[in-house]
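Comments concern the structure below.
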Amino acid sequence: MEFRPFTIDVPQAELDDLHERLSRTRWPAELQERGWERGTEVATMRRLVAHWLDGYDWRAQEARLNRLHHVVATVDGRDLHAIHERAVRPDAQAILLLHGWADSFYRFAHVVDRLTGRDPAVGPDEPVFDVVVPSLPGFDFSEQPDAGTVSGAQSAEVVASLMEGLGYDRYLVHGGDWGGVVAQEVARAHPDRVVGLHLTDVPFPNLFLVDRGTASEGERAMFAAVDAWGETHGGYVGIQSSRPLTLSYGLSDSPVGLAAWLVDHFGYLSDTLPSDDDLLTNVMLYWLGNSIRSSMRLYNEGLDGDWGVEAGGDSGDDAARSGGEGADGAWSGGEGADAGWSVRIDVPTALAVFPRDISQPPREYAERFFDVRRFTTMPRGGHFAALEEPQLIVDDLRTFATELG
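Structure, rendered in structure tokens:
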């Protein structure tokens, strides 16, 4: 596999163009909108755009990111961007960190040095790791695959090839959101390589494989929470699955529109909203890579096919990778066949459940799909936990690695 070093170096003309677009922002007519109820809060967006114009320093962020070691690998003829940071000790285990949507590799910006041991607060006896953080295919600086080929399983093969090319034959995998889907598929396809699987949620498509008639009380509460979320916040899944191109014209042309679309998810899925600089750097990676359309392909192609599994139907691996609306039209699936036997992954697994995430799955739900060795209910934090509460993630990863031996 071919690797070459990569430095983030955005031409000044692109930054000038961005500034000019921001200065001409046309704001929507306001209808006494209340907070985040109908979308990204107006006051938050006005504050962010003002900071973007007059306070945010991309060059400083660029320099901070470039202190990390970036590479581009050629995988299946396409460029794949990744951060690859070696630990401070040579006996370190490797860990693969996988982001989702509406985030990017920047989700892990505050955990890399803590995991490698370069953060001076890391003690000499604490576990450290070689850290690999790819940009998933079609995100940021990674090229997108051919049309019709994007899925969690396809992305899993790409990142597994990356790890093999870097010389790692055994490693931990961590992910959340779509990163959790990809992490699950790496463990499914390569259980001999994955020492342990660490997730911040049970991957979304798994919801549609559970027969609600077999659900525990805790699982029924989770299904109700997911259904409620689908009614109030899940509209983006439908449009990104069905009409992504139409949406992308506006988001690719308007930086404020792009920011509002992405930041909305941080607003209602965070206990504490990340800093303005963190929010804007994440948006900048989408903007500078012009990757919003290609990032949606996981929804448009990765959720394509049969939405849900009817009772007595296929409950195999292909169904686990499709996802979608269940037979009864509910967000969390219909009367699907119990998937516990055919889609179970026997790699040792840890779940870190955060209170502000979409739902809080009970342990018995996770055990339908995984060999759960560790299950942690976190005191605070949300969907983008590594960005919001990096130390909680780092501590849980270290403890899990230690427990695995």
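So the sequence shown is numbered by my numbering: it starts at 69 and just counts up by one. All C-beta atoms in this analysis are idealised placements derived from N, C-alpha and C, irrespective of residue type, glycine included.
Segment contact: the segment 189-198 against the segment 209-226, fewer than three CB-CB distances shorter than 8 Å; contact not assigned.
Between Pro259 and Val415, the alpha-carbon positions lie close to 6 Å from each other. When only Cα atoms are considered, Ser284 and Met290 end up about 10 Å apart. One alpha carbon belongs to Pro96, the other to Ala111, and they sit about 12 Å apart. Between the C-alpha atoms of Phe74 and Val440 there is a straight-line separation of about 37 Å. Taking a 10 Å sphere around the C-beta of Arg424, we find 16 or more other C-beta atoms and assign the residue as buried.
Distance from the CA of Leu86 to the CA of Asn368, rounded to the nearest whole angstrom, comes to 28 Å. Between the alpha carbons of Val156 and Arg238 lies a gap of roughly 19 Å. Note on geometry: alpha-carbon atoms of Val140 and Pro202 lie some 9 Å from one another.
At the C-beta level, His242 and Leu83 stay beyond 9 Å of one another.
Look at the beta carbons and you see the segment 428-436 not touching the segment 447-454: under three pairs across the two are nearer than 8 Å. Put simply, of Arg442, Val351, Ala128 the residue whose alpha carbon is nearest the alpha carbon of Phe334 is Val351.
When Thr417, Leu330, Leu472, Asp346 are compared, the shortest CA-CA separation from Thr108 is found for Leu330.
In its chain, beyond the 5 residues on either side, no residue has a beta carbon closer than 6 Å to the beta carbon of Glu471. For the set Arg412, Ile413, Thr444, the Cα lying nearest the Cα of Phe422 is the one of Thr444. The shortest CA-to-CA distance from Leu348 to any of Asp332, Leu337, Ser363 is the one to Asp332. Counting the other CB atoms within 10 Å of its CB gives Ala81 a total below 16, which places it among the exposed residues. Burial check for Ser223: the Cβ neighbour count within 10 Å reaches 16 or more, so the residue is buried. In summary, Ser310 is exposed, with fewer than 16 beta-carbon neighbours lying within 10 Å of its beta-carbon over all protein chains present. Within the segment 304-384, the runs of alpha helix (DSSP H) at least 4 residues long that lie entirely inside it are, in chain order, 312-321, 323-336, 344-357, 360-363, 365-368.
Only residues of its own chain outside the window of five on either side were considered, and among them Gly325 have a CB closer than 8 Å to the CB of Gly318, listed in chain order. CA-to-CA, the gap between Glu105 and Val117 works out to about 20 Å.
Taking all protein chains shown into account, Ser427 has 16 or more neighbouring C-beta atoms within 10 Å of its C-beta and is therefore buried. Residue burial is scored here from C-beta neighbours: Arg175 has at least 16 other C-beta atoms within 10 angstroms and is therefore classed as buried.
For Phe197, the uninterrupted beta strand (DSSP E) run begins and ends at 197-202, by DSSP. Close CB contacts of Val143 within its chain, under the 8 Å cut and outside five residues either way in sequence, are with Met69, Val226, Ser229, Leu230, Gly233 (chain order).
Taking Val196 as the centre and dropping the five residues before and after it, the same chain places the C-beta of Ala155, Val156, Arg157, Ala160, Leu183, Thr184, Gly185, Val190 closer than 8 Å to its C-beta, in chain order. Under the 10 Å beta carbon count, Gln459 is surrounded by fewer than 16 other beta carbons and is classified as exposed.
Contact annotation, Val254 with Pro273: C-beta distance approximately 15 Å; criterion of less than 8 Å not satisfied.
If you look at Gly243, you'll find it in the beta strand (DSSP E) that goes 239-243. Boundaries of the alpha helix (DSSP H) harbouring Glu432: 431-434, taken from the DSSP string. Counted as a single uninterrupted DSSP element, the beta strand (DSSP E) harbouring Glu153 occupies residues 146-153.
Cβ atoms of Ser172 and Asp208 come within 8 Å of each other, at about 5 Å. Ranked by how close their Cα comes to the Cα of Arg412, the residues Leu419, Phe438, Ser362, Ala418 have Phe438 in first place. In the DSSP annotation of this structure, the continuous segment of the alpha helix (DSSP H) that includes Leu121 starts and ends at 110-122. Per the coordinates, the alpha-carbon of Asp321 lies some 19 Å from the alpha-carbon of Tyr304.
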